[in-house]
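Top line first, the protein sequences correspond to chains A and B. To convert a position in the first sequence, counted from 1, into the numbering used here, add 220. To convert a position in the second sequence, counted from 1, into the numbering used here, add 30. Cβ coordinates follow ideal geometry from the N, Cα and C atoms, glycine included. The model shown is predicted, which means the values in this text are computed figures rather than measured ones.
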Amino acid sequence: MKKIRIIPRLDIKGPNLVKGIHLEGLRVLGKPEVFTRKYYEDGADEILYIDSVASLYGRNHLSEIVRKAAENIFIPLIVGGGVRSVEDIRGLLRSGADKIAVNTAALKNPDLIRQAAKSFGSQCVVVSIVAIRRGRGCYECLTDNAREKTGVDAIEWAKKAEALGAGELLVTSVDREGTGSGYETDLLRPICEQAKIPVIAFGGAGTSEHVLDVTRAGVDAVAAASLFHYGVLGIMQNRLGISGEGNFEFLQKKLPIDGLLRKSIRPVSIADLKEYLAQNGVHCRRAKKAEVV
Amino acid sequence: MSGRPAFTVIVDYGLGNLFSLERAVQHLGFSCGISQDPGEIKNATRLLLPGVGAFGDGMRGLNEKGLVPVLGEWVRSGRPLLGICLGMQLLFSESEEFGRHRGLGWVPGRVVRFQNAEGGGFPAYKVPHVGWSGLEPAPLKDWSEGLLKGIPSGESAYFVHSYYACPEDPADVLAVTHYAQVDYCSAIQRGNVYGTQFHPEKSGSAGLRILKNFLEGP
């Protein structure tokens, strides 16, 4: 029976975990390794790292973060952001990534998907589709961290990416991202209906109910960020010892988490989310707590 | 092993990403290396045969590097070998992937494809099977010893595959998994030859336990 995968997404800027709204206004939340460890122990099925500004500046800070994670995290790691070539992919796989997410470079050079699938297998190649609503049932792909228009229809591109050899699709709604208003099922449903490869939904999870709703649109896996991150912030003292780029105002003020969250976001742990999904008839892998070899 | 220090070799025949497996073995405290060199492979105390991708490419990779006779001799020496994912499928007699291909033939049986199934407007089961699925003991098998020692029935493991193996001898089957309306063989043992269709190096603490069982086994 199909088990829905639950995937925490960590947006990385420099050495830090950040989170924005509509992929902008990035706020530093803490050290990625602290969050990663917590998610692994809570039963995350995979971990998704995106270097959120890499496409913009043509650089990639991810290797070191991935290398550290891969030393003691033994579930699949998906890594993306600023990946431009087969050589970039090889480098990230060597650092410990299992799958590579590509957006900007794949739209500019669709043959990259074919080359990557040929070199490393389709199971390595996740095509990331970042889409914005342009009208009823109409979505446009964006690149460069959702700053550049492409004129490419997202649902058509999903079909093409699969034909070129993508192993999975990661579909992000820019309209919903960071808002906690629920996933964009009008975007996800048509993609799921046509796709023969797994579809990972991202953007808009504010509550456990949103995750339950999107599983009914036919997705195979659900990624979320705020939904999980703010819960970890609430229970862990990982605010110390961070440095580097980004907006630290949020951490320095040490404001109560509740006051900063959009009212629409009700954080939940991965273990509790899976419990809720199971109660509602959605199958998930239930990891045994603690027993970590 | 007659005084030789334990050393596990991950056989590299040009397919896929071997680093995750190497890291998992090292994390468990065992020394290992990635190699395609017949000399190093002959001297190993244990072998891991990984692999992703197509069966035909896998056999071609082994043949081009001249590893088929090396591995055959190695297995006849009685030392343990674990095939993972495509590496497990290659242990069988033949596969129907894109035509017919002969495998290494150490485990009688063949490798066949999942059938697509539609349901509720969406593909009910996607092929490839990507994700976590449960492991159940095969009939008359218990997991009190051996590769799956200590693994609770129903434990999930991480899979990526479109084909699955059908062993001729039911006694070779250690675990079965349900997907795409079939109960298929997800772990095997035939003498000193072991296999897992799932990726133990990516299956969390349960996967590490299985790898450790292999590395500490007879």
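Tell me whether residue i is buried or exposed, calling it buried when 16 or more other Cβ atoms sit within 10 Å of its Cβ.
{"i": "residue 170(B)", "result": "exposed"}
{"i": "residue 36(B)", "result": "exposed"}
{"i": "residue 460(A)", "result": "With a pLDDT of 46 at residue 460(A), under the threshold of 50, the modelled position of that residue is not reliable, and no figure is offered here."}
{"i": "residue 213(B)", "result": "exposed"}
{"i": "residue 225(A)", "result": "buried"}
{"i": "residue 198(B)", "result": "exposed"}
{"i": "residue 284(A)", "result": "exposed"}
{"i": "residue 172(B)", "result": "exposed"}
{"i": "residue 219(B)", "result": "buried"}
{"i": "residue 103(B)", "result": "exposed"}
{"i": "residue 239(B)", "result": "buried"}
{"i": "residue 88(B)", "result": "buried"}
{"i": "residue 342(A)", "result": "buried"}
{"i": "residue 66(B)", "result": "buried"}
{"i": "residue 271(A)", "result": "buried"}
{"i": "residue 507(A)", "result": "buried"}
{"i": "residue 76(B)", "result": "buried"}
{"i": "residue 201(B)", "result": "exposed"}
{"i": "residue 231(A)", "result": "buried"}
{"i": "residue 344(A)", "result": "buried"}
{"i": "residue 151(B)", "result": "Here the model assigns residue 151(B) a pLDDT of 49, short of 50, so the residue's position is not dependable, and the following value carries that caveat. Flag for residue 151(B) reads exposed."}
{"i": "residue 108(B)", "result": "exposed"}
{"i": "residue 47(B)", "result": "buried"}
{"i": "residue 211(B)", "result": "exposed"}
{"i": "residue 227(B)", "result": "buried"}
{"i": "residue 231(B)", "result": "buried"}
{"i": "residue 252(A)", "result": "buried"}
Less than 7 Å between the C-beta atoms of residue i and residue j, yes or no?
{"i": "residue 168(B)", "j": "residue 127(B)", "result": "no"}
{"i": "residue 282(A)", "j": "residue 397(A)", "result": "no"}
{"i": "residue 390(A)", "j": "residue 333(A)", "result": "no"}
{"i": "residue 382(A)", "j": "residue 417(A)", "result": "yes"}
{"i": "residue 424(A)", "j": "residue 403(A)", "result": "yes"}
{"i": "residue 289(A)", "j": "residue 256(A)", "result": "yes"}
{"i": "residue 262(A)", "j": "residue 490(A)", "result": "yes"}
{"i": "residue 258(B)", "j": "residue 71(B)", "result": "Here chain B covers residues 31 to 248 and nothing more, so residue 258(B) does not appear."}
{"i": "residue 364(A)", "j": "residue 324(A)", "result": "yes"}
{"i": "residue 162(B)", "j": "residue 287(A)", "result": "no"}
{"i": "residue 435(A)", "j": "residue 488(A)", "result": "no"}
{"i": "residue 137(B)", "j": "residue 115(B)", "result": "no"}
{"i": "residue 378(A)", "j": "residue 361(A)", "result": "no"}
{"i": "residue 123(B)", "j": "residue 113(B)", "result": "no"}
{"i": "residue 346(A)", "j": "residue 388(A)", "result": "yes"}
{"i": "residue 236(A)", "j": "residue 254(A)", "result": "no"}
{"i": "residue 233(B)", "j": "residue 187(B)", "result": "yes"}
{"i": "residue 321(A)", "j": "residue 348(A)", "result": "yes"}
{"i": "residue 49(B)", "j": "residue 245(B)", "result": "no"}
Rounding to the nearest angstrom, what Cα-Cα distance links residue i and residue j in this structure?
{"i": "residue 42(B)", "j": "residue 207(B)", "result": "28 Å"}
{"i": "residue 445(A)", "j": "residue 93(B)", "result": "46 Å"}
{"i": "residue 193(B)", "j": "residue 184(B)", "result": "21 Å"}
{"i": "residue 419(A)", "j": "residue 160(B)", "result": "11 Å"}
{"i": "residue 177(B)", "j": "residue 440(A)", "result": "30 Å"}
{"i": "residue 301(A)", "j": "residue 243(B)", "result": "37 Å"}
{"i": "residue 433(A)", "j": "residue 248(B)", "result": "49 Å"}
{"i": "residue 268(A)", "j": "residue 299(A)", "result": "6 Å"}
{"i": "residue 241(B)", "j": "residue 164(B)", "result": "17 Å"}
{"i": "residue 225(B)", "j": "residue 294(A)", "result": "19 Å"}
{"i": "residue 264(A)", "j": "residue 227(A)", "result": "6 Å"}
{"i": "residue 237(B)", "j": "residue 55(B)", "result": "11 Å"}
{"i": "residue 97(B)", "j": "residue 204(B)", "result": "27 Å"}
{"i": "residue 340(A)", "j": "residue 182(B)", "result": "33 Å"}
{"i": "residue 442(A)", "j": "residue 222(A)", "result": "13 Å"}
{"i": "residue 499(A)", "j": "residue 158(B)", "result": "28 Å"}
{"i": "residue 80(B)", "j": "residue 328(A)", "result": "34 Å"}
{"i": "residue 229(B)", "j": "residue 63(B)", "result": "18 Å"}
{"i": "residue 245(A)", "j": "residue 297(A)", "result": "26 Å"}
{"i": "residue 260(A)", "j": "residue 266(A)", "result": "8 Å"}
{"i": "residue 135(B)", "j": "residue 222(B)", "result": "14 Å"}
{"i": "residue 457(A)", "j": "residue 316(A)", "result": "Unreliable placement is indicated for residue 457(A), whose pLDDT of 48 sits below 50; the coordinate value is still reported in the next sentence. Rounded to the nearest angstrom, the two C-alpha atoms are 27 Å apart."}
Is the segment 306–317 of chain A touching the segment 347–355 of chain A, taking contact as three or more C-beta pairs under 8 Å? no
Would you call the segment 362–373 of chain A and the segment 406–413 of chain A touching, i.e. three or more CB-CB distances under 8 Å? no
Any beta strand (DSSP E) of 3 or more consecutive residues that is wholly inside the segment 49–103 of chain B: 62–65, 76–79
Would you mind listing the alpha helix (DSSP H) stretches within the segment 105–157 of chain B that are 4+ residues and don't spill past its ends, in chain order? 116–119
Curious, which full-length alpha helix (DSSP H) runs of at least 4 residues does the segment 402–466 of chain A contain? 405–414, 428–435, 446–455
Please go through the segment 276–343 of chain A and give each complete beta strand (DSSP E) segment of 3 or more residues, from N-terminal end onward. 297–300, 319–322
What ranges does the alpha helix (DSSP H) occupy inside the segment 361–407 of chain A, keeping only unbroken runs of at least 4 residues that lie completely in it? 374–384
Uninterrupted beta strand (DSSP E) stretches inside the segment 155–219 of chain B (no shorter than 3 residues): 159–164, 186–191, 193–197, 203–209
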